[in-house]
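>
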Amino acid sequence: MEEKKFDLNSIIGFVLIFGILIFMMWQNQPTPEELAEQEKAKQEQVEAEKKAALETTEDTVVSTAEDYSNVSPTDSLKIVDLKNKLGAFAYATTLPTAKDNETIVETNVLALKFNNKGGFLSEVRLKEFVDYDSIPIHLIKNGNQSFNIQFPTADNRILNTQDLPFQSSVTKNGENTVVSMKLKVSESQFLEYRYELKPDDYMIDFSIVSQGLNSVVNSSQEINLDWRLKTYRHDQSITYENRYTRLTYMHEGDKISKLAQAGDDEELIEEARWLSYRQHFFSSILVADEPFKKATISSVDLVKDEHIDTIFTKQYASKLPLAFKGGEADNNFQLYFGPTDSKILKQYDYDLEESIPFGWGIFGWINKHLFIPLFGFLSSFLPYGIAIIVMTVLIKLLMSFVQYKQFLSQAKMRVLKPELEAIKEKHKDNKMKAQQETMALQNKAGASPLAGCLPGLIQLPVFYALFMFFPTAFALRQKSFLWADDLSSFDSIYDFPPGFSIPMYGDHVSLFPILAAIAIFFYMKMTTGQQMASQPTQEGMPDMGKMMKYMIYFSPILMLVFFNQYASGLSLYYFISNMISIAIMLVIKNYILDEDKIHAQIQVNKKKPKKQNKFQKKMADMMEQAEAQKQAQQKRKK
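When we follow full-length UniProt numbering, the leftmost residue of the sequence shown carries the number 1, and every step to the right adds one.
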């Protein structure tokens with residue numbers, strides 16, 4: 001049997017042939033220009049086919065409305081196919097106004113477009129407002145909203161109102177404008193969207209009414225309203241705007257809740273009264289006369305990269321059950337498209353102003369009942385920047401007694417420091433005894449380290465309430481002051497080159513945060529020095545002192561970094577507030593507090609019998625018990 005061997009010449013030949021084929025294929029491949037022309041021709045062919053199909057469908061619809069005698073056999077088949085798809089609702093396609101694209105209506109504050117396909121709003125423009133780039137504010141435009149009722153029919157179809165033609169009509173009801181959009185089965189059978197618009201109102205009365213559809217709609221199954229909205233970016237900083245863009249809702253009576261501020265979130269809620277699709281300074285709100293028994297709501301964050309995702313902020317969606325009994329329905333709602341302004345929202349029922357994040361508990365109470373009325377009064381006759389400064393001065397003067405108490409406590413501790421050091425030295429081998437005598441001396445003298453902390457805690461609710469007030473104050477929007485073009489946005493004095501951004505800081509430099517950081521630095525340097533001087537020397541105190549020195553620099557850096565993209569009105573407040581605090585501190589230290597008089601008063605207080613309160617007595621008893629246990633343990637060891 002002959003042995004099989006590789007033929008080297010054959011192998012070389014095959015390789016050469018294969019190489020020649022590859023070279024020829026490479027040489028004959030189409031150029032990029034030829035590929036582009038082929039792709040263009042293909043797209044033109046697809047568009048032509050779509051256009052032809054659309055024209056054929058429109059011709060068929062016209063034929064069903066006008067003259068069946070002239071319809072060709074092919075078109076007759078298309079009419080039958082259309083009826084098979086729409087069933088009883090195929091009648092709607094024969095109505096003249098149902099074939100119009102849009103119905104346009106305007107009030108003094110709103111410019112609206114209703115899409116006759118689907119019957120709902122395809123455009124909402126707020127006539128009195130523009131965005132940061134002077135472009136008119138649109139809450140709805142270019143298909144960013146979907147409003148659809150999906151319902152089963154008696155003949156086992158599933159239809160969506162967003163795909164069906166509504167017949168439109170516009171009438172007057174006194175000064176109000178009424179827009180009726182009807183999806184008809186016949187002249188006496190229809191599903192109607194009815195809108196009533198007032199001349200100067202952002203709230204629209206909205207009803208979903210059905211008549212005579214008991215034989216058409218299968219109301220034994222659940223019928224849901226599906227409302228979706230992608231919120232447009234309107235502010236200069238998309239990051240800042242997105243932080244205050246949030247789905248808020250009232251449910252189970254008067255409970256106010258929100259979906260997550262960042263990321264994606266979904267909830268199944270019960271007894272939903274209203275849903276607010278808030279996009280910082282503007283809102284789209286659906287209010288139900290009768291609460292929805294349940295609702296599935298969701299929010300999706302669309303800003304993954306603030307340098308790329310610059311058109312939309314959030315995607316909201318709600319699935320809401322409608323009441324259909326025997327095919328009849330009468331669901332009454334209100335639709336609000338307008339500013340997220342507490343002054344406007346308070347005019348309506350159901351506490352719609354609670355959709356604004358004033359802060360929870362006492363913080364929200366302070367904002368609603370103190371800062372909003374105060375700022376509204378001041379800004380009614382002062383420029384907005386000056387109103388912020390005047391409000392800051394009034395708040396600091398009101399809180400000056402707290403600062404005085406804080407400094408008085410620190411002064412008492414400074415006066416007592418030599419005696420406290422002496423007690424520490426006397427009982428350096430018995431820390432428990434030293435602590436007992438320290439507490440007794442402080443109690444007699446009327447001085448305590450806690451007395452310096454408590455006034456600071458009183459200021460926290462005011463601090464946090466103002467932190468929530470400025471970013472949500474609609475009145476500050478697009479109001480200028482000094483170099484700041486918009487007190488509700490950052491006050492950039494320098495923009496970095498395109499594409500360059502510092503993590504956490506941003507792509508610009510704001511001036512008010514820099515001024516606020518400088519003021520905080522000097523204020524903390526002064527207060528930290530006062531605190532250090534009033535504290536007795538203890539083991540480990542050098543480490544504590546080092547930590548407090550770090551805080552002097554850490555707090556201004558936080559202000560500088562995190563407030564660079566916040567509202568300049570907030571940074572202006574912190575700047576003025578800290579400057580006033582420094583001034584008050586200097587006045588108290590140099591003109592009000594006299595340490596010699598304080599020392600003399602302490603000596604008088606020490607001679608008076610001082611009764612311990614329950615807390616002090618309990619602490620003293622605990623320390624005595626601990627000291628007794630320690631001594632007993634030492635005796636046992638001996």
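Glycine is no exception: its CB is placed at the ideal position from the N, C-alpha and C atoms.
Where do the ends of the alpha helix (DSSP H) carrying R243 lie?
On the sequence shown, position 243 is the one that residue 243 refers to. I238 to R243 is the span of the alpha helix (DSSP H), which, as asked, contains R243.
> Evaluate V130 with the Cβ neighbour count: other Cβ atoms within 10 Å of its Cβ, from every protein chain shown; 16 or more gives buried, anything less gives exposed.
As a working note, residue 130 is residue 130 in the sequence shown. Under this definition V130 is an exposed residue.
> Does the Cβ of N142 have 16 or more other Cβ atoms within 10 Å, making it buried, or fewer, making it exposed?
Counting from 1 along the sequence shown, the entry for residue 142 is found at position 142. Burial call: exposed.
> In terms of residues, what are the limits of the beta strand (DSSP E) holding F575?
To locate residue 575, count along the sequence shown from 1; it is residue 575. Here F575 belongs to no beta strand (DSSP E); instead the alpha helix (DSSP H) covers S568 to V587.
> Helix, strand or coil for N224 per DSSP?
As a first step, residue 224 must be located in the sequence shown, where it is residue number 224. N224: strand per DSSP, three-state reduction.
> How should K230 be labelled, buried or exposed, when 16 other C-beta atoms within 10 angstroms of its C-beta is the threshold for buried?
The sequence position of residue 230 within the sequence shown is 230, counting from 1. Counting Cβ neighbours within 10 Å, K230 comes out buried, since at least 16 surround it.
> Assuming I285 and Y336 make a contact with CB atoms under 8 angstroms, what is their CB distance in whole Å?
One-based indexing of the sequence shown puts residue 285 at position 285. One-based indexing of the sequence shown puts residue 336 at position 336. So it is a contact: roughly 4 angstroms between Cβ atoms.
> Mind checking K396: buried by the 16 CB within 10 Å criterion, or exposed?
Position 396 of the sequence shown holds residue 396. Result: buried.
> Measure the C-alpha to C-alpha separation of V80 and Y350 and round it to an integer number of angstroms.
Sequence index remark: in the sequence shown, residue 80 carries index 80 (1-based). Sequence index remark: in the sequence shown, residue 350 carries index 350 (1-based). Because the pLDDT at V80 is just 49, under 50, the model does not fix this residue reliably, and the value given afterwards should be weighed accordingly. Rounded to the nearest angstrom, the two C-alpha atoms are 49 angstroms apart.
> Hey, is the segment 339-353 in contact with the segment 293-304, meaning 3+ C-beta pairs nearer than 8 angstroms?
no
> Is there contact between the segment 142-158 and the segment 223-239, where contact requires at least three CB pairs shorter than 8 angstroms?
A contact between stretches requires three or more CB pairs, one per stretch, nearer than 8 angstroms, and the segment 142-158 meets this requirement with the segment 223-239.
> With DSSP collapsed to three states, give me the class of N116.
The residue given as residue 116 occupies position 116 in the sequence shown. In the three-state DSSP reduction, N116 falls in the coil class, being neither helix nor strand.
> Tell me the rounded alpha-carbon separation between L476 and Q334.
Taking the sequence shown and counting its residues from 1, one reaches residue 476 at position 476. Taking the sequence shown and counting its residues from 1, one reaches residue 334 at position 334. Straight-line Cα distance between these residues: approximately 28 angstroms.
> For the beta strand (DSSP E) that contains M181, what are its first and last residues?
Along the sequence shown, read from residue 1 onward, the residue named residue 181 stands at position 181. It spans N176 to S186 - the beta strand (DSSP E) in which M181 sits, taken as one unbroken run.
> By DSSP, does K230 sit in helix, in strand, or in coil?
Within the sequence shown, numbered from 1, the residue matching residue 230 stands at position 230. Three-state DSSP puts K230 in a strand.
> Taking L287 as the reference, give the member of M250, T103, S480 and L268 with the closest Cα.
If you number the sequence shown from 1, residue 287 lands on position 287. The question names Leu, yet the displayed sequence has Val at residue 287. Residue M250 is the option with its Cα nearest to V287.
> Start and end of the beta strand (DSSP E) containing I269?
Counting from 1 along the sequence shown, the entry for residue 269 is found at position 269. Here the beta strand (DSSP E) through I269 covers D265 to Q279.
> For G361, which of helix, strand or coil comes out of DSSP?
In the sequence shown, residue 361 corresponds to position 361, counting from 1. Note: G361 maps to coil in three-state DSSP.
> Give me the Cα-Cα distance between S488 and I356, rounded to the nearest whole angstrom.
Here residue 488 refers to the residue found at position 488 when the sequence shown is read from its first residue. Here residue 356 refers to the residue found at position 356 when the sequence shown is read from its first residue. Computed Cα separation, rounded: 15 angstroms.
> Measure the alpha-carbon distance for Q459 versus M551 and round it to whole angstroms.
By 1-based counting over the sequence shown, the position of residue 459 is 459. By 1-based counting over the sequence shown, the position of residue 551 is 551. Looking at the two C-alpha atoms, the distance is approximately 19 angstroms.
> Tell me which same chain residues have a C-beta within less than 7 angstroms of the C-beta of M579, skipping the five on either side of it?
By one-based count along the sequence shown, residue 579 stands at place 579. A distance below 7 angstroms between beta-carbons, with the five flanking residues on each side excluded, links M579 to the following residues of its chain, in chain order: A519.
> Between which two residues does the beta strand (DSSP E) holding I297 run?
Against the sequence shown, residue 297 aligns to sequence position 297. Here the beta strand (DSSP E) through I297 covers F282 to D301.
> Comparing C-alpha positions only, which one of E102, E123, G119 and G118 sits nearest to L110?
Taking the sequence shown and counting its residues from 1, the one referred to as residue 110 is at position 110. It is E123.
> Buried or exposed: where does Y591 fall if 16 or more other Cβ atoms within 10 Å of its Cβ makes it buried?
Residue mapping note: residue 591 aligns to position 591 of the sequence shown, counting from 1. The residue is exposed, with fewer than 16 neighbouring Cβ atoms inside 10 Å.
> From what residue to what residue does the alpha helix (DSSP H) around K379 run?
Start at 1 with the first residue of the sequence shown, and residue 379 comes out as number 379. The residue you asked about is not Lys; residue 379 is Ser in the sequence shown. First-last of the alpha helix (DSSP H) with S379: I372 to S379.
> In or out: A260 buried (at least 16 other Cβ within 10 Å) or exposed?
Taking the sequence shown and counting its residues from 1, the one referred to as residue 260 is at position 260. When all chains shown are included, A260 counts as exposed.
> What's the C-alpha gap between L159 and L183?
Along the sequence shown, one-based indexing puts residue 159 at 159. Along the sequence shown, one-based indexing puts residue 183 at 183. Going by the C-alpha atoms only, they are around 12 angstroms apart.
> Assuming P199 and T107 are in contact, meaning their beta carbons sit under 8 angstroms apart, how far apart are those beta carbons, in whole angstroms?
For the purposes of this step, residue 199 is taken as the residue at position 199 of the sequence shown. For the purposes of this step, residue 107 is taken as the residue at position 107 of the sequence shown. Indeed they touch by this definition, with Cβ atoms about 5 angstroms apart.
> Residues in the same chain with beta-carbon distance under 8 angstroms from T245, minus the five sequence neighbours each way, listed in chain order, please.
Here residue 245 refers to the residue found at position 245 when the sequence shown is read from its first residue. Once the five neighbours on either side are set aside, the close Cβ partners of T245 are T231, R278, Q279, H280, T313 and K314.
> Quick one: residues in its chain with C-beta nearer than 6 angstroms to the C-beta of D341, no 5 flanking neighbours on either side, listed in chain order?
Taking the sequence shown and counting its residues from 1, one reaches residue 341 at position 341. Within the same chain, D341 has close Cβ partners F474.
> Buried or exposed: where does V587 fall if 16 or more other Cβ atoms within 10 Å of its Cβ makes it buried?
Residue numbering aside, residue 587 sits at position 587 when the sequence shown is read from its first letter. So V587 ends up on the exposed side.
> How close, in whole Å, do the beta carbons of H234 and F282 come, if the pair is a contact with beta carbons under 8 angstroms?
Taking the first residue of the sequence shown as position 1, residue 234 is located at position 234. Taking the first residue of the sequence shown as position 1, residue 282 is located at position 282. Contact flag correct, Cβ pair sits at about 7 angstroms.
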